[in-house]
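Here the structure is laid out as structure tokens; the discussion comes afterwards.
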Amino acid sequence: MPKTVDIRGVKRRFPEKTGPLGGLTNDGASVLAVDGVSFALEEGEFCALIGPSGCGKSTLLRMVSGLDAPDEGSVEVASRGRGEIAYVFQDAHLLPWRSVAENVALPLELGGVSHAERDAAVLEALAQVELTDAANRYPRELSGGMRMRASIARALVTKPKLLLMDEPFAALDELTRQRLDERLFAIWKERKLTILFVTHAIFEATFLAERAIVFSKRPARVVYDQPITLDPENGARTSATRATPGFAREAAKLLSALEGGDT
Ligand SMILES: Nc1ncnc2c1ncn2[C@@H]1O[C@H](COP(=O)(O)OP(=O)(O)OP(=O)(O)O)[C@@H](O)[C@H]1O
Ligand SMILES: [Mg+2]
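Residue numbering for the sequence shown follows this note's numbering, starting at 2 and increasing by one per position.
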């Protein structure tokens, strides 16, 4: 299988203090955020990235997206073309003056895609997140879960090969979050795209991912990198999955890795 993402010996440090305008000061103090992280993702993998607050998860994701670059080491991504990488944040970041459909169409508009092609892709993306009926509504008229689904539709509309998600469901209530986890899993199965999913939530990671990487507390190092095996293997994920012994066993492994990396 070709590597979609290849991260080797990545280090990233930030200046400790910033000046009055956010610029760097000259005292040379720095914070090491990511310390020698290496892992690769194969095409079509769903990988969860877990770690203590402030350890460097978002920093790593930004380097994968190309928004930031490592100080040492390398980050290689197979597909860096327009629309091939999509990023979903904890906040839906919708434009309030645009309807749901217009928000979802935005990446295609920016990419100069024709009207007809745009409409078809928007409808498909909205259907996939079950938001077809809300196409003409505005962000203020949506629940938090619906806003997040619109944000995911906007990410999917360019048919990305790599989807980077940074705690996308962390602000939602538990039931909404579980429903979105189920929808996302189904989308991943249908589209066969590669997903790197940052979360604090062990149960969410266990439910969604085929593989979990756990970071230590800052500076981030990989303390655990193992497949998640649920029974039935590769089967559908439903709410019943969360009650299986395999689920509890896998979640316990992640918790102990997280505790181990936090000392
Ligand atoms: N642009 C920046 N300038 C200075 N410091 C930064 C910058 N980005 C991140 N940091 C620092 O790097 C460290 C890691 O931050 P990062 O946001 O990657 O953590 P995280 O694991 O995503 O945390 P959380 O779980 O709270 O989202 C933190 O100490 C943070 O303050
Ligand atoms: Mg973060």
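The beta-carbon is built from N, C-alpha and C at its ideal position, and this holds for glycine as well.
(Q) Going by beta-carbon coordinates alone, are A213 and A34 separated by less than 7 Å? (A) no
Q. Which of the three DSSP states, helix, strand or coil, is assigned to F90?
A. F90: coil per DSSP, three-state reduction.
Q: To the nearest angstrom, report how far apart H94 and R155 are at their CA atoms.
A: 10 Å
Q: Rounded to whole angstroms, what's the CA-CA distance from E265 to S75? Just pull it up for me.
A: Residue 265 lies beyond the stretch modelled for the chain, which goes from 2 to 264, so this question has no answer here.
Q.
Following a CB-centred definition, is A34 positioned closer than 6 Å to any heavy atom of ligand 1?
A. yes
Q) Is the number of C-beta pairs between the segment 56-68 and the segment 4-13 that are closer than 8 Å three or more? A) Contact between the segment 56-68 and the segment 4-13 is present, with at least three C-beta pairs closer than 8 Å.
(Q) I want to check one thing, is the minimum distance from the CB of K58 to the heavy atoms of ligand 2 below 6 Å? (A) K58: yes, Cβ under 6 Å from ligand 2.
Q.
Is G55 near ligand 1 - that is, is its Cβ less than 6 Å away from at least one heavy atom of it?
A. For G55, the shortest C-beta to heavy atom distance toward ligand 1 is below 6 Å.
Q) What is the DSSP secondary structure of K12, counted as helix, strand or coil? A) strand
Q. Which of the three DSSP states, helix, strand or coil, is assigned to R353?
A. The question about residue 353 has no answer, for the chain in this structure spans 2 to 264.
(Q) Mapping the DSSP letters down to three states, classify E211 as helix, strand or coil. (A) coil
Q) Would the beta-carbon of E211 fall within 7 Å of that of I229? A) For the pair E211 and I229, the CB atoms are nearer than the 7 Å cut-off.
**Q.** Inter-residue Cα distance where the pair is G146 and S100
**A.** 16 Å
Q: Check T264 in the structure and name its three-state DSSP category.
A: Reduced to three states, the DSSP call for T264 is coil.
Q) Cβ atoms of D7 and A41: under 7 Å apart, would you say? A) yes
Q. Applying the criterion that 16 or more other CB atoms from any shown protein chain within 10 Å of the CB defines a buried residue, is L267 buried or exposed?
A. The structure shown has nothing for residue 267, since the chain only spans 2 to 264.
(Q) Do R178 and F331 count as a contact pair if the criterion is CB distance below 7 Å? (A) Residue 331 cannot be examined here, being either before or after the span of the chain that is shown, 2 to 264.
**Q.** Cβ shell of L209 (< 7 Å), same chain only, five flanking positions each side left out
**A.** F47, A49, D182, L185, F186, F198
Q. Does ligand 1 have a heavy atom nearer than 6 Å to the CB of F170?
A. Result no, Cβ not under 6 Å from ligand 1.
(Q) My output table needs one value for V123: the three-state DSSP class, helix, strand or coil. (A) helix
(Q) Judging by CA-CA distance, which residue of V223, D174, I203, L164 is the nearest neighbour of I188? (A) Ranked by Cα distance from I188, the first of V223, D174, I203, L164 is L164.
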